[in-house]
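Those letters in the sequence shown? Residues 0 to 445, per numbering that gives the first Met the number 0, in order.
All remarks here apply to the structure that follows.
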Amino acid sequence: MLKLLMSLVFLIPVCFSSSSWWMVQATLFLMTFVFMSLSMHSTFFVGLSYYLGCDVLSYGLILLSFWICVLMVMASEAVFRYNTHRGFFLLMIVLLLGLLYCTFGAMNLFMFYLFFESSLIPTLFLILGWGYQPERLQAGVYLLFYTLLASLPLLVALFYLGDEQSSLFMSLCVGTNLSHVVCYAALIMAFLVKMPMFLVHLWLPKAHVEAPVSGSMILAGVLLKLGGYGLLRVFKVLSLSGLVYNFIWVGVSLVGGVLVSFICLRQTDLKALIAYSSVAHMGIVLGGLMTMSYWGFCGSFTLMIAHGLCSSGLFCLANISYERLGSRSLLINRGLMNFMPSMTLWWFLLSSCNMAAPPSLNLLSEISLLNSLVGWTWVTMVMLAFLSFFSAAYTLYLYSYSQHGKIYSGLYSCAMGYTREYLLLFLHWFPLNLLILKSEPCMLWL
């Protein structure tokens with residue numbers, strides 16, 4: 000584990016060299032494949048080095064972090080072209096990747112907490128430094144306060160757990176069964192905000208709308224998954240309390256998912272629509288997690304991976320349109336099939352993945368989550384039917400409204416995408432549809 004971390008540390012000085020952009024991109028790509036070659040089939044921590052280890056759960060999310068960070072550099076061509084502090088930009092990406100690597104690799108709950116919170120700082124700098132509007136300050140404050148306010152009780156609960164158990168190592172805390180309701184709420188609240196659960200989700204659309212494309216990609220692709228990963232880890236400590244109180248969160252997340260789907264149907268901002276669709280997807284992930292069943296855990300992990308690739312790709316597409324037309328509004332981004340015909344294919348492919356069409360990984364995970372929730376209680380069928388239907392409805396609204404119809408601005412020209420953009424979108428879509436052929440690591444990791 001440490002060898003890749005040291006490689007990232009040695010990459011920091013490279014960020015400020017003259018040919019840094021290509022060197023960092025190529026090195027991260029190489030490191031992704033090096034990490035991929037460590038075939039991981041263990042449900043225990045392996046590859047141990049000091050406080051870092053890796054099991055199947057960590058492996059999938061670390062790989063996703065590497066992949067998304069490579070694609071972030073590829074998507075942020077404008078930073079390179081206009082040289083807006085590109086050295087610091089690359090530094091932020093490398094730092095963020097290092098912190099995410101440590102977060103997912105940490106075997107100690109306190110170490111996990113430390114890196115979990117630290118990953119906020121580079122994200123905040125990305126939004127404040129390379130965002131588009133002055134409102135990004137407000138978005139940054141929202142992001143910071145929502146996350147930090149919910150995280151303080153988590154710290155106190157971890158100290159209490161450490162006092163009870165005399166250890167904070169995840170493997171040693173399994174089966175502790177803290178039955179205190181306050182401790183239960185404190186341990187999971189930070190992760191519910193990070194996911195985000197409906198009612199504490201307001202920071203997410205704000206952050207997405209103000210963030211640059213790289214910020215949106217890492218936020219949707221990996222940072223939301225920290226919440227789900229944290230819950231998967233702490234439920235090994237909270238198994239008894241979870242069985243008693245989890246019905247509350249299942250109700251909130253499923254009803255919230257449906258309400259957020261309605262909000263999606265009223266959006267006119269491309270980025271806001273994709274951001275709210277993330278909240279709806281995370282609602283069903285949370286519902287599956289809270290059933291505490293085998294299907295629920297495996298399905299939620301798989302949907303986290305699938306959603307990370309899919310929503311990141313959609314944010315890339317929104318940015319490609321934004322760079323050409325200078326607006327994110329759906330009222331202006333109309334009739335793009337006339338303007339960028341070759342991009343319409345990618346809009347279709349990623350939109351179909353977003354509505355869980357076969358053969359995407361989303362389909363596999365949503366079937367698994369539906370199975371777990373209906374097995375838990377058949378009452379959830381009503382909400383799940385609404386959620387599935389409206390998920391397809393707002394995705395279709397996004398696709399048809401942006402691609403079909405008459406082009407708004409009176410442009411009778413045609414814009415081709417760059418090869419870089421096609422490669423970028425292919426690298427989002429290909430793993431998403433390839434992984435369904437090798438789904439055992441996602442679905443059989445428990």
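By construction, the Cβ of each residue, glycine as well, lies at the ideal position given by its N, Cα and C atoms.
Give the straight-line distance between the Cα atoms of residue i and residue j, rounded to the nearest whole angstrom.
i    : j    : result
L70  : G139 : 23 angstroms
A185 : L153 : 5 angstroms
K2   : V199 : 38 angstroms
W375 : L386 : 17 angstroms
L285 : M73  : 31 angstroms
F246 : S240 : 11 angstroms
K224 : G287 : 14 angstroms
T267 : S260 : 14 angstroms
W346 : W428 : 11 angstroms
M335 : G325 : First, the residue type needs correcting, since residue 335 is Leu and not Met in the sequence shown. Computed Cα separation, rounded: 14 angstroms.
V23  : I67  : 14 angstroms
L203 : P195 : 8 angstroms
L363 : A355 : 8 angstroms
L94  : I11  : 8 angstroms
A317 : M442 : 31 angstroms
G97  : Y417 : 30 angstroms
S150 : T83  : 33 angstroms
C53  : L231 : 15 angstroms
K270 : T290 : 31 angstroms
V78  : H179 : 50 angstroms
S310 : Y159 : 37 angstroms
S320 : F144 : 32 angstroms
L313 : I120 : 25 angstroms
R333 : S401 : 4 angstroms
E420 : G86  : 22 angstroms
I331 : L436 : 39 angstroms
S367 : A384 : 14 angstroms
L171 : N107 : 10 angstroms
C446 : S118 : It is not possible to answer for residue 446, since the shown part of the chain is limited to 0 through 445.
For the beta strand (DSSP E) containing residue i, list its first residue and its last residue.
i    : result
G104 : It is not in any beta strand (DSSP E) - G104 instead sits in the alpha helix (DSSP H) that spans R85 to G104.
Which partner residues of residue i appear in the DSSP bridge assignment?
i    : result
C53  : V45
S19  : For S19, which the question treats as bridged, DSSP gives no partner whatsoever.
N107 : F168
S75  : Beta-bridge pairing links S75 to no other residue.
S328 : D268
Which stretch, first to last residue, makes up the alpha helix (DSSP H) that contains residue i?
i    : result
N361 : L360 to W375
N337 : L335 to F338
Q137 : R135 to Q164
L3   : L1 to V13
T122 : L119 to W129
W444 : Counting along the chain, W444 falls outside any alpha helix (DSSP H), and DSSP gives it neither H nor E.
I465 : Since the first residue of the chain shown is 0 and the last is 445, residue 465 is not available in this structure.
M188 : V180 to K193
K224 : L223 to V233
T175 : Neither: T175 is in no alpha helix (DSSP H) and is coded neither H nor E.
G241 : S238 to Y244
F197 : It is not in any alpha helix (DSSP H) - F197 carries neither H nor E in the DSSP assignment.
H207 : W202 to E209
Rank the options by C-alpha distance to the C-alpha of residue i and give the top, closest one.
i    : options                   : result
K193 : F115, H179, F234 and L56  : F115
Y293 : S320, L369, A210 and I331 : L369
P340 : I406, S277 and G214       : I406
G161 : L148, L177 and R265       : L177
V236 : S438, L37, F144 and L157  : L157
S48  : M5, N82, R85 and W20      : M5
M110 : W129, L258, S166 and V78  : S166
G227 : I304, L308, I126 and T379 : I304
L422 : A384, M342, V243 and I273 : M342
M91  : G59, I61, L113 and I126   : I126
L191 : S412, F425 and V249       : V249
S238 : G86, V221, Y321 and C182  : C182
F103 : F124, L62, F15 and L136   : L62
F197 : S399, S276, W444 and C309 : S276
H254 : L242, A279 and V55        : The displayed chain sequence assigns Val, not His, to residue 254. With distances taken between Cα atoms, V254 lies closest to A279.
M188 : V233, A391, C352 and P430 : V233
V438 : L424, P358, R327 and Y131 : Correcting the residue type first, residue 438 is Ser in the shown sequence and not Val. Ranking the options by Cα distance to S438, first place goes to P358.
L113 : S299, G229 and A206       : G229
L264 : L383, S399, N337 and S371 : S399
L426 : A414, L308 and T175       : L308
L89  : L7, F34 and Y131          : L7
E365 : W377, F296, E134 and L330 : F296
Y396 : R419, V381, L383 and L272 : L272
S490 : L56, L349 and N337        : An answer regarding residue 490 cannot be provided, because it is not within the stretch 0 to 445 covered by the chain.
S371 : V55, C14, S299 and L142   : S299
Report yes or no: is there a C-beta of chain C within less than 8 angstroms of the C-beta of residue i?
i    : result
S359 : The structure shown contains no chain C; it is built from a single protein chain.
Which runs of the alpha helix (DSSP H), 4 residues or longer, sit entirely within the stretch 260-294? Within the stretch 260-294, the complete alpha helix (DSSP H) runs of at least 4 residues fall at 269-289.
Inside the stretch 416-440 only - alpha helix (DSSP H) runs reaching at least 4 residues: 418-433
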